[in-house]
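Report on the structure given below.
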Amino acid sequence: MKTDRHALFFDIDGTLVSFESHEIPASTIAALTQAKANGHQVFIATGRPIQILTNVGAIEHLVDGYITTNGAYCFVGDHVVCCNAIAQPDVETMLADSRRYDYSLVVASTTQFAVYNPHPDFDCIFVEQLAVEGLDPACMNLDKALSEPILQFSPFFDLAHERELMSRLNGCVSGRWHPAFTDITARGTDKGHALHLMANYLGLEQSRTVAFGDGGNDLTMIREAGIGVAMGNALPDVMMAADHITASVDDDGIMQALQQLGLI
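Position 47 (the sequence shown) corresponds to 46 in numbering that gives the first Met the number 0; numbering is contiguous.
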């Protein structure tokens with residue numbers, strides 16, 4: 000068993016949480032509990048904004064810090080490691096494109112989570128498929144969200160439209176982890192860069208970081224980490240970039256990887 004302290008970074012949807020059960024498997028909870036007991040640190044690394052981190056309650060007591068909105072907002076305790084907003088010209092371009100082409104656009108600001116130009120696909124994906132709790136439209140304050148720095152947009156469109164739009168959003172990058180939508184953040188903002196910032200803040204060598212993921216928005220941190228681990232249900236590109244491939248989230252993949260890497 001390795002005794003050196005490592006920082007373990009976990010994506011949520013499809014990595015920690017099953018798309019089938021919408022829960023963290025018991026084996027994963029047991030594995031993270033043992034990892035903490037062995038002196039390792041546990042971090043969330045998700046595309047979700049902080050306002051919808053509703054499915055990690057079972058391990059919340061084990062978490063040392065968070066990478067949220069694909070690296071746009073990261074914190075350890077009360078300390079904000081980074082907060083990167085989308086430039087206003089790109090915000091205006093994004094809103095205008097949603098109006099022109101009539102698609103749902105999720106808006107995540109520093110304190111708000113709301114939907115611009117909502118369509119049924121938002122409920123279908125976020126409420127039914129992803130089982131995000133507490134999404135009451137009456138509690139969403141779009142005006143307040145748009146008055147604050149915008150950390151992330153999640154537009155509902157296909158890859159062809161994404162490519163065309165990104166050619167006009169000069170200050171942004173896109174990270175798609177779901178076929179129905181993508182996550183757009185300020186250029187230079189992604190999970191890999193955030194992992195690097197977190198390691199620096201922790202005073203930890205990059206080689207002591209381990210990242211677990213399955214989707215396209217996990218690619219940068221899989222590549223940046225000392226060890227990148229792809230889940231068995233990961234996209235082919237993520238598997239190709241990984242140093243280690245484990246079983247799927249539903250087949251005890253986290254526990255198997257931590258055991259095989261000698262971390263538990």
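For each residue, glycine too, the CB sits at the ideal point set by N, CA and C.
The way I'd put it, the stretch 144-163 does touch the stretch 100-108; three or more beta-carbon pairs between them come closer than 8 angstroms. For GLY227, the enclosing beta strand (DSSP E) covers residues 226-229.
When the beta-carbon positions are compared, THR53 and ILE66 stay at least 9 angstroms from each other. Under the DSSP assignment, GLY191 falls in the alpha helix (DSSP H) whose first and last residues are 190-201.
Distance from the CA atom of LEU141 to the CA atom of PHE112, rounded to whole angstroms, is 8 angstroms. Under the three-state reduction of DSSP, LEU52 is assigned to coil, being neither helix nor strand. Between the stretch 56-66 and the stretch 83-95 there are fewer than three inter-stretch CB-CB distances shorter than 8 angstroms, so the stretches are not counted as touching. Rounded to whole angstroms, the Cβ separation of CYS73 and ALA193 is 5 angstroms, and the two are in contact under 8 angstroms. Secondary structure note for SER97: it is in no beta strand (DSSP E), and the uninterrupted alpha helix (DSSP H) holding it is 87-100. Annotation for ARG47: ILE11 and THR67 place their beta carbon closer than 7 angstroms to its own, counting only its chain and skipping 5 residues before and after. Note: ALA113 is bridge-paired with VAL106 in the DSSP secondary-structure output. Close CB contacts of ALA246 within its chain, under the 7 angstroms cut and outside five residues either way in sequence, are with GLY231, GLY252 and GLN255 (chain order).
Restricting attention to beta strand (DSSP E) runs no shorter than 3 residues, the stretch 205-262 encloses them at 208-212 and 226-229, ordered along the chain. With fewer than 16 other Cβ atoms from the protein chains shown falling within 10 Å of its own Cβ, TYR100 counts as exposed. Non-local beta-carbon contacts of VAL131 in its own chain, meaning distances under 7 angstroms to residues more than five positions away in sequence, involve ILE51, THR53 and PHE125 in chain order. Rounded to the nearest whole angstrom, the C-alpha separation of HIS118 and ARG98 is 12 angstroms. ARG207 and ILE183 have their alpha carbons spaced roughly 29 angstroms apart.
With contacts defined by Cβ atoms closer than 9 angstroms, ASP213 and ALA224 do not form a contacting pair. In terms of Cβ geometry, THR14 and ASP250 do not form a close pair [threshold 9 angstroms].
By the neighbour-count criterion, in which a residue is buried when 16 or more other Cβ atoms sit within 10 angstroms of its Cβ, LYS143 is exposed.
Inter-residue distance for GLY191 and CYS138 is about 32 angstroms (C-alpha atoms, whole angstroms).
Comparing C-alpha distances from ALA233 to each of ALA84, ARG175, VAL114 and ASP3 shows the shortest one belongs to ARG175.
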